[in-house]
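Residue numbers (this note's numbering): 463 to 519.
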């Protein structure tokens with residue numbers, strides 16, 4: 463489904479994202495790794511947007 467969306471509307475998504483590109487799986491994985499680490503022990507009940515700034519528009 464994502465492949466079809468990117469093929470059909472990828473240019474629109476990229477243009478709407480302040481970072482000017484689509485994210486990589488490794489960028490999401492980095493956030494997950496942080497949240498699973500002791501460094502995030504005081505982070506509770508948060509929604510973390512990993513979307514290149516798209517939610518700010």
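Where is the CB? At the ideal position from N, CA and C, for every residue including glycine.
Check                                                                                                                                                                            : Outcome
Could you give the first and the last residue of the continuous alpha helix (DSSP H) run that contains residue 464?                                                              : 464–478
What's the C-alpha gap between residue 464 and residue 484?                                                                                                                      : 12 angstroms
Please list, in chain order, all residues of the same chain as residue 516 whose beta carbon is under 7 angstroms from its beta carbon, the five residues on each side excluded. : 478 and 479
Rounded C-beta distance between residue 496 and residue 502? I'm assuming under 8 angstroms.                                                                                     : 6 angstroms
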